[in-house]
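Chains B and W, in that order, are what the protein sequence lines are. When the letters of the first sequence are read in order and numbered with our numbering, they come out as residues 1 to 318. When the letters of the second sequence are read in order and numbered with our numbering, they come out as residues 1001 to 1304. Positions of the beta carbon are idealized from the N, C-alpha and C atoms, including for glycine. Remarks on the structure that follows.
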Amino acid sequence: MVVAGAVFFFFLIFPFFPLSSFAMATMIQFFMFSIYGMGWNTIGGYGGQVDLGKAQYVGIGAYTTGVMLIHWDVPFWASMPVGMAIAVMWSFIIGYPLFRLKGHYFAIATIATSLVLKDLFTVWPFVGAARGLEISPIQFTPPDFLHLIFKEDIYYYYVILGFFFTGIVYMNWFRKSRLGYQLRCIKDNEDVARSLGINVHWAKIKTYAIATAFVSMVGSFHVCYIKVIEPVDIMSLDLSILIALMAMLGGAGSLWGPIIGAAVLIPFKSYLKEWLGAAAGLAGIDLILYSVIIMLVSAFEPRGIWGIVEKARRRKRD
Amino acid sequence: MDILFGSIVAGVLLGMVIALVALGLTIIFGVMDIVNFAHGEFLMVGMYAGLLSAKATGVDPLLTLPVAAVVGFLLGALCYVGFIKFLLRGPMVAQLLGTFGLMLFLRNLALLIFGSSDRTVHHGIIVGKSFDIGMGIIVPATKLAAAGLSVIAFAAVWLLMNRTKIGKALTATALNAQAARYMGIPTEKMNTLAWGIGGASVTVAGALIVNFWAVNPFMGLLFTMIAFAVVALGGFGSVPGAFFAGLVVGLIMEIPGFWDFFTYTFDWQWMADVPMTSLKYMWIYVAYFVIMVVRPRGLFGWKQ
């Protein structure tokens, strides 16, 4: 508890340290991916169904906010909920048939739907087809809190920090809520859960919707922060895997897991690119190292870092 | 009319090669219940193997198939012994992400070694030649040869699985690994063999495909998804299922041709505006989804 408090305090005062803008950008990325991971964790960790298609909802959130901003000048705080609503609606539509599947089949199906959406967005002229959307800050006068357009990163930092805290508070509530317990029961033994009267199918769909909401929220933030989106990046399978990987590395099914995972991988990814240089990045050396980490973790410590922590704790108790 | 027949012929020919691509996946799945997300990357390796051995020896690419087969067998066996074996102990999350890691690893290794530009085969006895089989349908000789050789390879694997002692041992492990073990069939060796054969069949398919499809390090994912759709339709674990499902998926990949045919026949302007060619792979993903929801067992599947 004390550690958590100290860390939070550190987060609050972080921007006042004279660090590079690169460090600030990395921290913002860290918060974004923590929230992505937390969302994934609801269905992937507590729910036990590995979802590898979360990127499509990032895209829905981002595109909704982007399109509403560009075409109709809608403020972020209005377009973000709209994005979430659309994403959640879509998640219900495909969730209903999707959750008839389990295991590998489910995972592949999530990839399939994500790719379908990506292909559709790549040819849809309204959202810019393959070129995507671009927000030029010239039309707005930063700092614009309504549309979330700022010149300095520090504003973005506090906004995403706010989302981050909200996310943690929500996740803490979630895992102790009725749905949270239902999910854990389902994960342990689905048939027993059903015999206890839990509507398994609905529980999973609802959780999937929650994960979607988290992810689309950050997607909306993403478009205001990065200001450029293309379907091939924002709805990519690579992003989906990254999200799942972070949660798994840190420890799927725990509150702090996704955050730890993001804390390890995001700085690693950013600084690796810096050190190895852009040319190596093009050649994918950072990804090679990345993939080796994925393989090692999967093969030898699938419960993630938090799993190791818990093991150590248990040993201390005994 | 010739658009229609042309598309059908193209679809069937492509389908036979696709069936071979999916064959490896279904064998591996049948024997040990693991889904190899790096399957498309194995295909890519096969394509590069075929390309490079043809360039190095100056021989026609179709004759370098044995090289591709050996490379594939070693790749598959090595992946199993060096990595997959450990994944099997862990939870399913780990298995999925593990083979993903393998996918990323192979993809970026290829990027490092070969660069990101497309490469195709330029020399060869039959490259650039085509047959006119009447009704205005032109078939490239490379596609015809690839389809024919795929069928032969398919038949060879089928014979291996059903008529040889080792193949029967493999099938036994697929049906019930524990019972097979009691009978004296060593599971570990069978697993390695399954990965070897699976790897070999997909790399041979790759060496065939590279004759008419350009290779670059990023193409793996598309073919992985294609293979999944085929295996889902044919039934996870079923060898004949993979063949028929392959034909169906091959036809699905020719949907732009069918769309064009309907556009001309019915002359509805809106049809011409749909960019169906850019969307042609989308139908494969849709097909996978629909199959898994409607008939998860596939056509001939016996494993759930």
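Determine the closest residue to B:His71 out of B:Gln139, B:Asp233, B:His201 and B:Arg131, with distance taken between C-alpha atoms. What you label residue 71 of chain B is simply residue 71 of the first sequence in a count that begins at 1. Of the residues B:Gln139, B:Asp233, B:His201 and B:Arg131, the one whose Cα lies closest to the Cα of B:His71 is B:Gln139.
Taking Cβ positions, are W:Val1017 and W:Val1045 nearer each other than 8 angstroms? As a working mapping, residue 1017 of chain W is identified with position 17 in the second sequence. As a working mapping, residue 1045 of chain W is identified with position 45 in the second sequence. If you check the CB distance, W:Val1017 and W:Val1045 do not come in under 8 angstroms.
Examine chain B for any beta-carbon lying closer than 8 angstroms to the beta-carbon of W:Tyr1281, and answer yes or no. Along the second sequence, read from residue 1 onward, the residue named residue 1281 of chain W stands at position 281. Yes, contact with chain B.
Would you mind telling me which residues of chain W sit closer than 8 angstroms to B:Phe300, beta carbon to beta carbon, in chain order? Locating residue 300 of chain B in the first sequence gives position 300, counting from the first residue. Against chain W, the beta carbon of B:Phe300 has neighbours under 8 angstroms at Phe1086, listed in chain order.
Buried or exposed for W:Thr1164, please, with buried defined as at least 16 other CB atoms from any protein chain shown within 10 angstroms of its CB. Taking the second sequence and counting its residues from 1, the one referred to as residue 1164 of chain W is at position 164. W:Thr1164 is exposed by the Cβ-count criterion.
Taking C-beta pairs closer than 7 angstroms, name the residues in chain B that W:Met1292 reaches, listed in chain order. Mapped onto the second sequence, residue 1292 of chain W falls at position 292. In chain order: Leu101, Tyr105 and Ala109.
Is W:Ala1094 close to chain B? Criterion is C-beta to C-beta, closer than 8 angstroms. As a position in the second sequence, residue 1094 of chain W is number 94, starting the count at 1. Yes, its Cβ sits closer than 8 angstroms to a Cβ of chain B.
What do you get for B:Val323, buried or exposed, if any count of 16 or more other CB atoms within 10 angstroms of its CB means buried? Past the edges of chain B, shown from 1 to 318, lies residue 323 of chain B, and the structure says nothing about it.
Does the CB of B:Val3 have a neighbour CB from chain W at under 8 angstroms? The residue given as residue 3 of chain B occupies position 3 in the first sequence. Judged by the 8 angstroms Cβ criterion, B:Val3 is not in contact with chain W.
Between W:Gly1058, W:Thr1057, W:Leu1097 and W:Ser1007, which lies nearest to B:Pro302 when the distance is taken from Cα to Cα? Stepping through the first sequence from its first residue, residue 302 of chain B is reached at position 302. The residue with the shortest Cα to Cα distance from B:Pro302 is W:Leu1097.
Using three-state DSSP, classify W:Leu1025 as helix, strand or coil. Counted from its first residue, the second sequence places residue 1025 of chain W at position 25. Here DSSP, grouped into helix, strand and coil, assigns W:Leu1025 to helix.
Chain D contacts from the segment 80 to 99 of chain B (Cβ-Cβ distance under 9 angstroms): Among the protein chains of the structure shown, namely B and W, there is no chain D.
According to DSSP, is W:Ser1130 part of a helix, a strand, or is it coil? As a working note, residue 1130 of chain W is residue 130 in the second sequence. It is a strand residue.
Does the beta carbon of B:Leu287 come closer than 8 angstroms to any beta carbon on chain W? The sequence position of residue 287 of chain B within the first sequence is 287, counting from 1. The beta-carbon of B:Leu287 is placed less than 8 angstroms from the nearest beta-carbon of chain W.
Once DSSP output is grouped into helix, strand and coil, what is the label at B:Asp153? The residue you call residue 153 of chain B lines up with position 153 of the first sequence. In the three-state DSSP reduction, B:Asp153 falls in the helix class (H, G or I).
So what does W:Pro1140 bridge to, in DSSP terms? In the second sequence, the residue the question calls residue 1140 of chain W occupies position 140. Its beta-bridge partners are W:Ser1130.
Considering B:Val50, what are the terminal residues of the alpha helix (DSSP H) in which it resides? By 1-based counting over the first sequence, the position of residue 50 of chain B is 50. Per DSSP, B:Val50 belongs to no alpha helix (DSSP H) and is neither H nor E.
Say whether the segment 1210 to 1225 of chain W touches the segment 1262 to 1280 of chain W, bearing in mind that this needs 3 or more beta-carbon pairs closer than 8 angstroms, one atom from each stretch. Segments in contact, no.
First and last residue of the uninterrupted alpha helix (DSSP H) at B:Gln319: Residue 319 of chain B falls outside the range modelled here, since chain B spans only 1 to 318, and no answer is possible.
Name the one or two DSSP bridge partners that B:Glu134 has. Indexing the first sequence from 1 puts residue 134 of chain B at position 134. Per DSSP, the beta bridge partners of B:Glu134 are B:Val228.
Provide the residue(s) that pair with W:Val1215 in DSSP beta bridges, ordered along the chain. Here the question's residue 1215 of chain W lines up with position 215 in the second sequence. W:Val1215 is bridged to W:Arg1119.
Nearest chain W C-beta to B:Leu161 closer than 8 angstroms, yes or no? Locating residue 161 of chain B in the first sequence gives position 161, where the first residue counts as 1. No, no contact with chain W.
Count the other CB atoms within 10 Å of the CB of B:Trp306; is the residue buried (16 or more) or exposed (fewer)? Here residue 306 of chain B refers to the residue found at position 306 of the first sequence. Burial call: buried.
Which one or two residues does DSSP pair with B:Asp188 in a beta bridge? For the purposes of this step, residue 188 of chain B is taken as the residue at position 188 of the first sequence. Answer by DSSP bridge pairing: none, since B:Asp188 is not bridged.
Please check if any C-beta of chain B sits within less than 8 angstroms of the C-beta of W:Leu1233. Taking the first residue of the second sequence as 1, we reach residue 1233 of chain W at position 233. Chain B places no beta carbon closer than 8 angstroms to that of W:Leu1233, leaving this residue out of the contacts.
Using a beta-carbon distance below 8 angstroms, is W:Asn1191 in contact with chain B? If you number the second sequence from 1, residue 1191 of chain W lands on position 191. By this cut-off, W:Asn1191 is not an interface position.
Other residues of its chain near W:Gln1304: CB distance less than 6 angstroms, five sequence neighbours each side excluded: Position 304 of the second sequence, counted from the start, is the residue given in the question as residue 1304 of chain W. Reliability fails at W:Gln1304, whose pLDDT of 47 lies under 50, so the model's placement of it is uncertain and no value is given.
DSSP three-state assignment for B:Asp144, whether helix, strand or coil: Start at 1 with the first residue of the first sequence, and residue 144 of chain B comes out as number 144. It is a strand residue.
Between which two residues does the alpha helix (DSSP H) carrying W:Arg1295 extend? Within the second sequence, numbered from 1, the residue matching residue 1295 of chain W stands at position 295. For W:Arg1295, no alpha helix (DSSP H) run applies, since DSSP gives it neither H nor E.
Am I right that B:Tyr46 and B:Gly253 are in contact with their C-beta atoms under 8 angstroms? What's the rounded C-beta distance? On the first sequence, residue 46 of chain B is found 46 positions in, with the first residue counted as 1. On the first sequence, residue 253 of chain B is found 253 positions in, with the first residue counted as 1. Beta-carbon to beta-carbon, B:Tyr46 and B:Gly253 are separated by about 6 angstroms, close enough to satisfy the 8 angstroms threshold.
Considering only residues of the segment 59 to 126 of chain B, which uninterrupted alpha helix (DSSP H) runs meet the minimum length of 4 residues and lie entirely inside it, listed in chain order? Runs found: 76 to 98 and 103 to 123.
Pull up the CB-CB distance for B:Ile205 and B:Ile186, whole angstroms please, since I reckon it's below 8 angstroms. Mapped onto the first sequence, residue 205 of chain B falls at position 205. Mapped onto the first sequence, residue 186 of chain B falls at position 186. 12 angstroms between Cβ atoms; not a contact.
Determine, using beta carbons only, whether W:Pro1256 comes closer than 8 angstroms to chain B. What you label residue 1256 of chain W is simply residue 256 of the second sequence in a count that begins at 1. Judged by the 8 angstroms Cβ criterion, W:Pro1256 is not in contact with chain B.
Going by beta-carbon coordinates alone, are B:Tyr156 and B:Ile266 separated by less than 8 angstroms? On the first sequence, residue 156 of chain B is found 156 positions in, with the first residue counted as 1. On the first sequence, residue 266 of chain B is found 266 positions in, with the first residue counted as 1. The Cβ atoms of B:Tyr156 and B:Ile266 lie no closer than 8 angstroms to each other.
List, in order along the chain, the chain W residues whose C-beta lies closer than 7 angstroms to that of B:Ala244? Start at 1 with the first residue of the first sequence, and residue 244 of chain B comes out as number 244. Within 7 angstroms Cβ-Cβ: Leu1097.
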